[in-house]
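Under our numbering, the first residue of the first sequence carries the number 1, and numbering increases by one thereafter. Where a beta carbon is used, it is the ideal one built from N, C-alpha and C, also for glycine. Bear in mind that the values here come from a model prediction, so they are computed numbers and not experimental data.
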Amino acid sequence: MFVPELPEVETIRSGLAELLPGQRIAGVEVLLNKSLSAPESHITTHIAGAGVTDVRRRGKIMIVDLSSGYSLLVHLKMTGQLVFEAGGQQPAKPGTGTNEPHSCPNPTSETGDGRRVAGGHPTQSMAGDLPDKTTRVIFTFQDGSKLFFNDQRTFGWMKLVERSKVERDKCFMAMGVEPLGSQFEVCHLKSRLKHRKAAIKTLLLDQSHVAGLGNIYADEALHLAQVHPSREGQSLSDEEIERLHAAIIKVLGDSIQAGGTSFTSYVNANGITGDYLHNARVYRRQGEPCRACGTTIDKIKVGQRGTHICPNCQKLT
DNA sequence: ATCTTGACCTGACAGC
DNA sequence: TGCTGTCAGGTCAAGA
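Below, the structure written as structure tokens:
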């Protein structure tokens, strides 16, 4: 599974930013009320009939600006997906009908036709007929295109907020700096970790310190920086914090590069995994050899979260 | 103020 | 086969 974190959300954003602006929303169908929290009257007056003007991102939250003066905030959480299907064409079909997502041998023939663009947690829903049982909200555009918000576990959400109040919205108020922005400096990270007794991994997952890191990239960055995830934040040396700072930027940047290619192409049952996990350093690689030293990757719990480490590269003491 | 824990939710999978 | 239990994991709220 590939849970949407900052790189995945950024990849979806950049894909949708090429497709949605200029589109006008004709209708909204809410199949699960809690997936789109907005009064019925607001959906009618501020979404339906509005044009999309921009698609932005802050942390793991996507912001779709509308010409009505409102914005749609989207959090995919673990299992959310956004699938855009271009109008007037048949929906895409899985390559061979197999149930195994990685076994389709046909990765290129259907690539690049632009009929469907999808991103988020990968499942068969991205390639099969939509709507399906995980579809929670459907946006229909005037040209017949559709945008499906699918979410198996229904933790994800969309909400409608006045454009002028987006930055002050509750979900952004406590959000920390963008790790790929200029404000993310070593001294910032140092000040956030100082005097903190919590595990460094727990601190990295706290969105108020750095926005957008999740379980995958926290593990990846800590391994690259050679820091054990259970270490207390305050125990890290300046040098270790510098390594961690650089590692966060590198793993996020690498992943955006890897994900960018898989998103803009046609998504079929073969392509839904994304490229980054194939190159993961430790995530979901327990039992396999560390790419740096060959030691067997271990899986432990840190703050109730599954955590992957190389016991040789990442020492506790 | 900081830290920990449980709840939310569904599907996949292991074990009996 | 079919049941039960466990795991996945971002975020919030409640409790320590």
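Distance from V74 to V64 at the Cβ level is roughly 7 Å; contact confirmed, criterion being Cβ atoms closer than 8 Å. In the structure shown, the three-state DSSP call for A50 is coil. In the DSSP assignment, I309 forms a beta bridge with D298. If you draw a straight line from the Cα of N33 to the Cα of K170, it comes to about 20 Å. Inside the stretch 130–160, DSSP marks whole beta strand (DSSP E) runs of 3 or more residues at positions 135–141, 146–151, from first to last along the chain. I12 places its beta carbon less than 7 Å from that of G119. In this structure, the beta-carbon distance from I216 to E5 falls below 7 Å. Membership of V83 in the beta strand (DSSP E) is indicated by the continuous run 80–85.
As computed with DSSP, L36 is found in a beta bridge with M158. The way I'd put it, the stretch 221–228 does touch the stretch 302–314; three or more beta-carbon pairs between them come closer than 8 Å.
Of I300, M175, V282, K299, the smallest CA-CA separation from C293 is found for V282. Under the 8 Å Cβ criterion, the stretch 296–313 does not count as touching the stretch 231–246, having fewer than three qualifying pairs. When C310, V9, V210, M175 are compared, the shortest CA-CA separation from G156 is found for V9. DSSP places R116 in the strand class (E or B) of the three-state scheme. Excluding its 5 nearest sequence neighbours in each direction, V161 has C-beta neighbours in its own chain below 7 Å: Y70, S71, L73, D169, listed in chain order. Leaving aside the five residues that flank K197 on each side, the residues in its chain whose CB is nearer than 8 Å to its CB run, in chain order, E232, G233, Q234. When the beta-carbon positions are compared, K201 and A174 stay at least 7 Å from each other. In this structure L66 touches A50 by the C-beta definition: roughly 4 Å separates them, less than 8 Å. Residue pairing by DSSP places M62 opposite R57, V74 in a beta bridge.
Contact between G15 and V137 is ruled out by a C-beta separation of about 18 Å, above the 8 Å threshold. Buried is the label assigned to T307, since at least 16 other Cβ atoms lie within 10 Å of its Cβ.
Going by DSSP, V177 is part of no alpha helix (DSSP H) at all; its letter is neither H nor E. As DSSP reads the structure, A199 sits in a beta bridge with E232. Residue environment: Q304 is assigned as exposed (fewer than 16 neighbouring CB atoms within 10 Å of its CB, all protein chains considered). Taking each of F148, V210, Q124 in turn and checking the Cα distance to A86, the smallest one comes out for F148. Only residues of its own chain outside the window of five on either side were considered, and among them V52, V55 have a CB closer than 6 Å to the CB of L20, listed in chain order.
Counting only the Cα atoms, K146 lies some 11 Å from R24. Annotation for K301: T307 place their beta carbon closer than 8 Å to its own, counting only its chain and skipping 5 residues before and after. The C-beta of G181 has fewer than 16 other C-beta atoms within 10 Å across all chains shown, which makes the residue exposed. Taking all protein chains in view, the Cβ of S68 is crowded by 16 or more other Cβ atoms within 10 Å, so the residue is classified as buried.
Put simply, the backbone Cα of K165 is about 19 Å away from that of S41. In chain order, L213, A218 place their CB closer than 6 Å to the CB of L204, counting only its own chain and leaving out the 5 sequence neighbours on each side.
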